[in-house]
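Written out below as structure tokens is the structure these notes cover.
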Amino acid sequence: MKNFKLLFSFMKGSRLLYLGAILSVAVAAFLSIINPLVLRFSIDNIIGGEPFEGPRVIVSILDFSGGKEALASNLWVMGLILIGLTALQGSFLFLQGRWLALASESIVKRIRDALYDHLQYIPYGYYSQRDTGDLIQRCTSDLDTIRHFLAGQFVEVGRIIFMIIFVSSIMLSLDLRMTLVSIMVIPFLFIFTFIFFLKVKNTFEKVDESEASMSTVLQENLTGVRVVRAFARQSYEIDKFDKKNREYRDLTYKLVRTLAWYWSLSDLLALTQIGIVVVFGVYWTVIGQITLGTLVVFTTYIGMLLWPIRQLGRILTDMGKTIVALERIDVILSEGVEVKSGNEITPQIKGKIQVKDLAFAYENEEPILDGLSFEVEAGETVAILGPTGSGKSTLVKLLTRLYDYNKGSIKVDGVELKRIRRDWVRKNIGLILQEPFLFAKSIKENISLAKVEAEDEEIFKVAKDAAVHNVILDFDKGYSTEVGERGVSLSGGQKQRVAIARTLIRDCPILIFDDSLSAVDTETDAQIRKALKRRNKDTTTFIISHRITTLAQADKILVLEDGKVVQSGDHEKLISQEGMYREIYLMQSGVKDKLKDKGWGGLNGCLS
Amino acid sequence: MDAYREEDYNKGFDLKLWQGVFNYIKPYKKELFTLALLMVGVAGADVIFPLMNKYAIDNFVVVGDLEGLIGFSWAYFGLVVFLATTVFLFIEKAGEIQTKISYDIRKNGFEHLQKLSFSYYDKKAVGWLMARMTSDVKKLGDTIAWGLVDMVWGSAMMVGIMGVMLYLNWKLALITLIVIPPLVLISLFFQKKILKAHRGVRKVNSQITGAFNEGIMGVQTTKTLVREEENLREFQGVTSKMRGQSVRAAIFSSLYLPIVLTLGSIGTGLALWFGGEGVMLEVIGYGTLVAFLSYTVQFFEPLRELARIFAELQSAQASAERVLSMINTDPEIKDSQEVIEVYGNILNPKYQNWPKLQGNISFKDVSFSYNDEEKILQEFNLEVKAAETIALVGETGSGKSTIINLLCRFYEPIKGEVLIDGVDYRQRSQLWLHQNLGYVLQSPYLFSGTIKENIRYGNLKASDLDIIEAAKMVNAHSFITKLEKGYDTQVGEGGGNLSTGEKQLISFARAILAKPRIFVLDEATSSIDTQMERVIQRAIDELIKDRTSFIVAHRLSTIRSADRILVIKDGKIKEAGSHKELLVKQGYYYNLYRKQFNEI
């Protein structure tokens, strides 16, 4: 019920439309059952010899218009009434369809937008524990289940209820015994339908699962095509796929067979019910207890009742699915968002950073930062080196407020970071990731993401600084090249450089390169760093890398281990100390071997 | 997500294409015939029911006689049972045909995909291929089976109803049937419109899925670039479009039904008018009138089905086109008929004829280009002796990877030849080469499953002991045993549960288990921390022992331990020699080396 409340709140603004749609359904349903009455009247009273009966008003109107004779010689009038009524019913059906579509699509749009917006503001940590596929499924197919319900079944249930009420009351007013005979099989049909769809639900799920697992084999085979070929495992893969393919085929067939049982059995029940009506109706008509017109009305009505009821089981089980889907969406929507406290500020940022006794642990995990302290003056370049798990990336995430620290402090120009508004922090601290994400837009749009209004000149300038301008011009479509599945897939290094460009476009006083030059060759790496210096001397820059050549020129180098700074200083200082920096330096430059290697002489001079 | 984008198609009927589809239908000719027969049966029963009512009215009600009512009841029930049985049989049959044909097409498609060359995979995105193998095949199988059901049923119903009406009273029938032509035209018109509108909806829908995907995958980017508001604005643009399209589609559907209903009621009205007059003049029986009244209502259902099928055939044709074009693509690299005769194909390799691969490789005047325009390699020559280790060094785009691709026969030279043990490799089967090849990619790819299963991929007959042995050789054993479930740890889709370094080690173990004669490693540039790097280095040393090895090298330690370093530039060997020789030479390598590792 709680979930329907959620749905109801999204209905705001469309409730009137919904009401209108439901009223139209009621009117259309009512009109649809009038038609057989017109037929009955024509058959019994006009064509046949039965006297007029019914409300006095109608009778007098009929008498006034000329009575039976006039109508009999102008039978087309009755035909016209029939057509008119159907057209009227049609108009209401149209109104229902239109209003329903407007209402349900608006609701779905509202939920969609709300989901998208909410997802953007959920703290970053949430995503590291979530499976993207699952989230997307909730936002798309679960929402589609709800849409399906809103746009069709919701009102369909209403129609069936109205029909049952109208039809049974008219039936009752015509003949009680006939009514009882007409509905005797219906409860069985109803129960049968419901139980069947509850039972078959499992089979539906199994088929879906089997299809998914077949798709996975296919997808892995396609993605890993090089591995398959390199190990010559084609026939193994064919067998693997064939097994899944077979499974899927057999399960689908089983499902269809089950459905065949359902449709044929429910046909049997429904048609038997009609047969009962015909036989009893004929009997009573012959012995003169009901008229021929009544018989025709009952046979028509019973058909009108039976076919929707057969669908009802399906609708009810789908309703169960809708409830589950609502729950799954609600899980996302009730996830907390990044908190905004009212007194956050947006100070001018120059770039001095002081980190003191900083400590942080991810939920239920060992602390990853543990008493980290360092200071950086505005305009300085700081390099950070450390093994995986030493806390580099965590530090970066704390600096950009993707996470908030538990203990200690980070001050930017003397102001506690937590007091500065999140979007302000991120606007001033540009972060470039090792594996940057590019959107499926043109390269130009990707670069101007953070500054939509940027001029071409500006875009070219930052692309040049990021040493990617010429690369882009080499593409057939230059800056208009689409990134992604339909377009060009960029290499890791090209992506990193585009990411640098898009960060540079908003002049940030602080820049962080989180190993974001790793896929760029050393020469280009140096070129980019030079361009950065040229751009703005006052930018505070953090560079995280495993490459000594990238780190060496920094004003200050920090070596991180187990969440602490274990060494700091410039290159000269660090290579003269025992420690990780020196060790890696020696390894990367091969100096260790050089000493024993006489053929090395030529290179000696290059090492300062 | 773009791969799921619907392509536009507006072609007419394509006979040749359907002939291709017919190949898949052929094995089920008998079943389809049975199905068609069943549908005629169903339609027949559907047509007979109103006749039963007519019979009851004319023979019992009008006459006022109850004699034979019991027999009539049994006949009625018999008809009900007949109909229910045929319904069961036809659904089952159609299901059988649908699932079997889809299965056949998928099987065929998958087998073909295993034969297609890399040049094909380089051009097509995985999503694009997936869409063909899943939704398109499904659509095709559905249309073949259920399309036939609807078509036969619909036509038989129409013919049956018209026939019975004409038989009962041809004058009244002709009057009532006036509504058919406009019904047909309007149905066709609307079904086409509805289908088109739905296609529009699906198009936007895939954009929405794409947007969610990007929003979630790129959440860190969005946050760090403070793009939230801009993103939402763009997203709302798409959802508004979606709402517009969906409402449009719904309005078409909700216009169609009323119009058809009203048109149908004109038929009913006409039947009532003229039929009623006939009854009063006693030229038509009551039963006939009632039967006419129900037929006019019954008419519109088969008509709608027929119109829908004709509209849908067009999109089924597009599906067929996409699936068949994939299956009919010729692999660029094929073993010749003679080669297959001697060495077998991928399904039936003739191992007994396979010569042992020693590992001597030579490139003879090899030229190559990916797109005919730019020559990547021109008259390239290289001799490699068995068990030699070759390091390829050079900038991106220099041709290193091309040399590897040609060596592995993922591509073939345009001119010249590649000899393995003195024989052009085109005279041996691809499988022979690949079975002898150990190939480790820059970004290691693992299949979902356990670590053990992934290592075993290198040699399906390997025992658990062999697997542990291989893991030990590449130093993967220690990290694997530290995992809670050890070798039975699930690696996740694409190996997602493991770090890049760990994946690399497992892919090494997999390669070593294959006992390849030629080993190829495309070394990763991605940053792995220093400890891991050392472990991986030792693993590589183990791998290249005693086998011809090609390494696209980035790590200094790998480069230095090679027997021969080839510096590749613009598709040519710029320098070649051992590390020492090249340094002494003080040429290109010396400079490259200096820049890369000793810039300071």
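Going down the list, the protein sequences come from chains S and X.
In terms of my numbering, the first sequence has 467 at position 467, counting the first letter as 1, and numbering is strictly consecutive.
In terms of my numbering, the second sequence has 181 at position 181, counting the first letter as 1, and numbering is strictly consecutive.
Backbone N, C-alpha and C fix where the C-beta goes; we use that ideal spot for every residue, glycine too.
### Message
Please report the distance separating the alpha-carbon of L17(S) from that of A103(S).
### Response
On the first sequence, position 17 is the one that residue 17(S) refers to. On the first sequence, position 103 is the one that residue 103(S) refers to. Going from the Cα of L17(S) to the Cα of A103(S) covers about 6 Å.
### Message
Quick check on W76(S) - is its C-beta less than 8 Å from some C-beta in chain X?
### Response
In the first sequence, counting from the first residue as 1, residue 76(S) sits at position 76. It does; some Cβ of chain X falls within 8 Å.
### Members of the region 433-447 of chain X near chain S, C-beta cut-off 7 Å
Within the region 433-447 of chain X, the qualifying residues are H434, Q435, L437, Y439, L441, Y445, F447.
### Task
Assign T503(S) to one of two classes, buried (16 or more other C-beta atoms within 10 Å of its C-beta) or exposed (fewer than that).
On the first sequence, position 503 is the one that residue 503(S) refers to. Buried.
### Query
If you draw a straight line from the C-alpha of C139(S) to the C-alpha of R112(S), how long is it?
For the purposes of this step, residue 139(S) is taken as residue 139 along the first sequence, with counting starting at 1. For the purposes of this step, residue 112(S) is taken as residue 112 along the first sequence, with counting starting at 1. Looking at the two C-alpha atoms, the distance is approximately 7 Å.
### Query
Relative to the alpha-carbon of S265(X), which residue among N35(S), T540(S), I584(S) has its alpha-carbon at the smallest distance?
As a working note, residue 265(X) is residue 265 in the second sequence. Nearest in C-alpha terms to S265(X), of all of N35(S), T540(S), I584(S), is N35(S).
### Query
Tell me which same chain residues have a C-beta within less than 6 Å of the C-beta of S507(X), skipping the five on either side of it?
Within the second sequence, numbered from 1, the residue matching residue 507(X) stands at position 507. The residues are V440, P444.
### Task
Decide yes or no for the touch test of the region 212-226 of chain X against the region 136-151 of chain S: beta carbon pairs closer than 8 Å, at least 3 of them.
Contact holds: three or more Cβ-Cβ distances are below 8 Å.
### For I603(X), the residue or residues it bridges with in DSSP
Residue coverage of chain X in this structure runs from 1 to 600, which leaves residue 603(X) outside it and unanswerable.
### Message
So E220(S) contacts chain X; which residues on that side make the cut at Cβ distance below 8 Å?
### Response
Taking the first residue of the first sequence as 1, we reach residue 220(S) at position 220. Taking a Cβ-Cβ threshold of 8 Å, the residues of chain X close to E220(S) are F447, S448, E493, G494, in chain order.
### Query
So, is T481(X) buried or exposed, given that buried needs 16 or more other C-beta atoms within 10 angstroms?
Residue mapping note: residue 481(X) aligns to position 481 of the second sequence, counting from 1. So T481(X) ends up on the exposed side.
### Query
Closer than 7 Å, Cβ to any Cβ of chain X: which residues of the region 99-119 of chain S, in chain order?
Cβ contacts with chain X: A101, L102, E105, S106, K109, R112, D113, Y116, D117, L119.
### Query
Is the region 273-284 of chain S touching the region 47-64 of chain X in the sense that three or more CB pairs, one from each, lie closer than 8 Å?
With the cut-off at 8 Å, the region 47-64 of chain X and the region 273-284 of chain S touch.
### Query
Among F231(S), V207(S), I170(S), V225(S), which has the Cα closest to the Cα of K244(S)?
Sequence index remark: in the first sequence, residue 244(S) carries index 244 (1-based). Minimum Cα distance to K244(S) is reached at V207(S).
### Under 8 Å by beta carbon: chain X residues contacting K427(S)
As a working mapping, residue 427(S) is identified with position 427 in the first sequence. Chain X residues near K427(S): V226.
### Message
For I410(S), which residues in the same chain have their Cβ closer than 6 Å to its Cβ, ignoring the five residues on either side in sequence?
### Response
Here residue 410(S) refers to the residue found at position 410 of the first sequence. Cβ within range, chain order: V355, L417.
#### Entry: Environment of I208(X) [buried if 16+ CB atoms lie within 10 Å]
Taking the first residue of the second sequence as 1, we reach residue 208(X) at position 208. By the neighbour-count definition (other C-beta atoms within 10 Å, threshold 16), I208(X) is a buried residue.
### Message
Runs of 4 residues minimum, wholly inside the region 105-180 of chain S: which ones carry the alpha helix (DSSP H) assignment?
### Response
Here the runs fully enclosed are 125-128, 132-137, 143-148, 154-174.
### Message
Against K100(X), what residues of chain S qualify as contacts under a CB-to-CB distance less than 9 Å, listed in chain order?
### Response
Mapped onto the second sequence, residue 100(X) falls at position 100. Within chain S, the residues near K100(X) are R249, Y253.
### Task
Kindly confirm or deny that the region 171-180 of chain S and the region 337-357 of chain S touch, where touching means at least three C-beta pairs closer than 8 Å.
No contact exists between the region 171-180 of chain S and the region 337-357 of chain S.
### Query
Nearest chain X C-beta to V286(S) closer than 8 Å, yes or no?
For the purposes of this step, residue 286(S) is identified with residue 286 of the first sequence, where counting begins at 1. By this cut-off, V286(S) is an interface position.
### Exposure label - L281(X); buried when at least 16 CB within 10 Å
Translated into positions along the second sequence, residue 281(X) becomes position 281. Exposed.
### Message
Counting only C-beta atoms, is P258(X) closer than 8 Å to chain S at any point?
### Response
As a position in the second sequence, residue 258(X) is number 258, starting the count at 1. Interface criterion met: the Cβ of P258(X) is under 8 Å from a Cβ in chain S.
### Message
For V382(S) and N446(S), which I take to be in contact (beta-carbon distance under 8 Å), what is that distance rounded to the nearest angstrom?
### Response
On the first sequence, residue 382(S) is found 382 positions in, with the first residue counted as 1. On the first sequence, residue 446(S) is found 446 positions in, with the first residue counted as 1. Between N446(S) and V382(S) the Cβ distance is about 28 Å, and since that is not below 8 Å, they are no contact.
### Message
Am I right that P436(S) and S516(S) are in contact with their C-beta atoms under 8 Å? What's the rounded C-beta distance?
### Response
Within the first sequence, numbered from 1, the residue matching residue 436(S) stands at position 436. Within the first sequence, numbered from 1, the residue matching residue 516(S) stands at position 516. With a Cβ gap of about 7 Å, P436(S) and S516(S) count as contacting.
### Sequence-distant residues of the same chain with beta carbon closer than 7 Å to L17(X), five excluded per side
Residue 17(X) sits at position 17 when you count from the first residue of the second sequence. So the list reads Q317, A320, E321, L324, once near-sequence residues are dropped.
### Message
By the three-class DSSP mapping on this structure, what secondary structure does A361(S) have?
### Response
To locate residue 361(S), count along the first sequence from 1; it is residue 361. DSSP places A361(S) in strand when its eight states are reduced to three.
### Task
Report the partner residues of P436(S) according to the DSSP bridge assignment.
Taking the first residue of the first sequence as position 1, residue 436(S) is located at position 436. Paired residues: none, contrary to the question.
#### Entry: Contact under 8 Å by Cβ, T258(S) with V339(S)
In the first sequence, the residue the question calls residue 258(S) occupies position 258. In the first sequence, the residue the question calls residue 339(S) occupies position 339. No, these two residues do not count as a Cβ contact at 8 Å.
### Task
Have a look at I557(S) and V520(S) and give me their C-alpha separation to the nearest angstrom.
Against the first sequence, residue 557(S) aligns to sequence position 557. Against the first sequence, residue 520(S) aligns to sequence position 520. Take the alpha-carbon of I557(S) and the one of V520(S): they are about 21 Å apart.
### Query
Beta-carbon of E67(X) versus every beta-carbon of chain S: anything under 8 Å?
The residue given as residue 67(X) occupies position 67 in the second sequence. No, E67(X) does not count as interfacial toward chain S.
### Three-way DSSP call (helix, strand, coil) for P349(X) in this model
Looking up residue 349(X) in the second sequence gives position 349. Three-state DSSP puts P349(X) in a strand.
### Task
Using 7 Å as the cut-off, classify the Cβ of T134(X) as near or not near the heavy atoms of the ligand GTP, replying yes or no.
The ligand GTP is not part of the structure shown, which contains no ligands of any sort.
### Task
With a cut-off of 8 Å on the beta carbons, I'd call Y28(X) and I97(X) a contact; round off their distance for me.
By 1-based counting over the second sequence, the position of residue 28(X) is 28. By 1-based counting over the second sequence, the position of residue 97(X) is 97. By a beta-carbon distance limit of 8 Å, Y28(X) contacts I97(X). Their separation comes to about 5 Å.
### Query
Cα-Cα, which of Q311(S), F542(S), L551(S) is closest to I160(S)?
On the first sequence, position 160 is the one that residue 160(S) refers to. In terms of CA proximity to I160(S), Q311(S) leads the group Q311(S), F542(S), L551(S).
### Query
Is V80(X) near L271(S), with beta carbons less than 8 Å apart?
Within the second sequence, the letter at position 80 stands for residue 80(X). Within the first sequence, the letter at position 271 stands for residue 271(S). In this structure, V80(X) places its C-beta atom within 8 Å of the C-beta atom of L271(S).
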